[in-house]
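Taking it in order: structure first as structure tokens, then the write-up.
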Amino acid sequence: MPRLTSLALAALSLVAPALAACDYGTHLNPRSEGAVPISTFGYTALDGPLNWHGLNATANALCATGKHQSPINIDSSIQRIEGRSVEFVVDAYPYGAEFENLGTTVEVPVNGTLWADGKMYKLAQFHFHSTSEHRVEQEYFPMETHFVFSAPDKSTAVVSFLIELGLPDPLLTAVFASVGMISTPGSATTTGPLVFAPLEAHLKAHPIFTYSGSLTTPPCSEGVTWYISSKPLQIDETTYHRVKDVIKFNSRYTQNTLGEANLLQHAASLLK
Ligand SMILES: *[C@@H]1O[C@H](CO)[C@@H](O)[C@H](O)[C@H]1NC(C)=O
Ligand SMILES: *[C@@H]1O[C@H](CO)[C@@H](O)[C@H](O)[C@H]1NC(C)=O
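With mature numbering (1 follows the signal peptide of the UniProt record, and there is no 0) applied, the sequence shown covers -20 to -1, 1 to 252.
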């Protein structure tokens, strides 16, 4: 059953200085009990992606040196597999689930399972980016959601959906029903009732882009297997604006072609 956490505004002073990132809740960054951790990185100026390496050169080295970094522009070189070739199941939360503002994203910790590439992964959480991090044939989308999984062998997989403006989506409407209540980093509320069967069917019904990349947040760890639905979800404009008002901007810039020099190393070499 989901924990029913009241508005954590009063708990702000208890907030742990843990690094909250896209890997939060996985073995890389275990979930802490009690308070919602606020991220120590950001998306602007010296906190932003051009300087994540500078925030901790040891921990975040790959952000500036990795050659398989995410997000990328998805072009025809990226493998497409059938939607049916992975099995994606997320538990239903008829009474809602915890909904947290980590400062760098809004996130819902839920349970679920992914069977892919002969492995079974467990879901840690899903969270949102605005604008989208991945691009498809150069095009960006207003939002993207990442379902972050880890396997017993400590590998990470992310199931991703791009989100464009359009009709209301019942799941996204329920997730964001009370997003206005968590505009303060470190705060938490409860979503509306969550049913994922339509999302599971959506993933099955369309081809999936897959590649081996990285976390899109510090420490930018590589060996992350991405499964990105080729068919965007839709969100209505009113909900989108309420979400954007809370998330602001949290999208890492498009990384270099897989296997080629990290763009930061490339840039640094030109300045020598
Ligand atoms: C940088 O990261 C390393 C390895 O994760 C950690 O041991 C160290 O405490 C961090 N340094 C700072 C200044 O946060
Ligand atoms: C996920 O499942 C574990 C183990 O059954 C349980 O302890 C935990 O409360 C669940 N978390 C959520 C968010 O449902």
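Just so it is clear, CB atoms sit at the ideal spot from N, CA and C, and this is done for glycine as well.
Query	Result
Residue 160, enclosing alpha helix (DSSP H) - first and last residue	Residue 160 -> no alpha helix (DSSP H), and no H or E assigned at all.
Distance cut-off 7 Å: residue 39 Cβ against heavy atoms of ligand 1	yes
Alpha carbon of residue 188 to alpha carbon of residue 145, nearest angstrom	20 Å
Proximity test, residue 36 beta-carbon vs ligand 1 heavy atom, cut-off 7 Å	yes
DSSP-derived helix/strand/coil call for residue 120	coil
Close beta carbons around residue 55, own chain, < 7 Å, minus the five adjacent residues each side	117
Helix, strand or coil at residue 64 [DSSP, three-state]	helix
Reduced DSSP category for residue 90 - H, G, I as helix; E, B as strand; rest coil	coil
Inter-residue Cα distance where the pair is residue 178 and residue 244	40 Å
Neighbour-count burial assignment, residue 232, 16 or more Cβ in a 10 Å radius	buried
heavy atom of ligand 2 below 7 Å from residue 89 C-beta	yes
Residue 143 versus residue 249 - alpha carbon distance	36 Å
Nearest-angstrom beta carbon gap, residue 2 and residue 182 [assumed within contact, 8 Å]	In fact, because the Cβ distance is near 22 Å, the residues do not count as touching under 8 Å.
Residue span of the beta strand (DSSP E) that contains residue 205, given as start and end	202 to 209
Coil, strand or helix - residue 240 by DSSP	coil
Three-state class that DSSP yields for residue 143 in the structure shown	strand
Start-to-end residues for the beta strand (DSSP E) that takes in residue 103	99 to 109
Check whether residue 193 and residue 49 have beta carbons under 8 Å apart	yes
Distance between beta carbons of residue 156 and residue 223, contact taken as under 8 Å	6 Å
Own chain residues within Cβ distance below 6 Å of residue 23, not counting five before or after	229, 230
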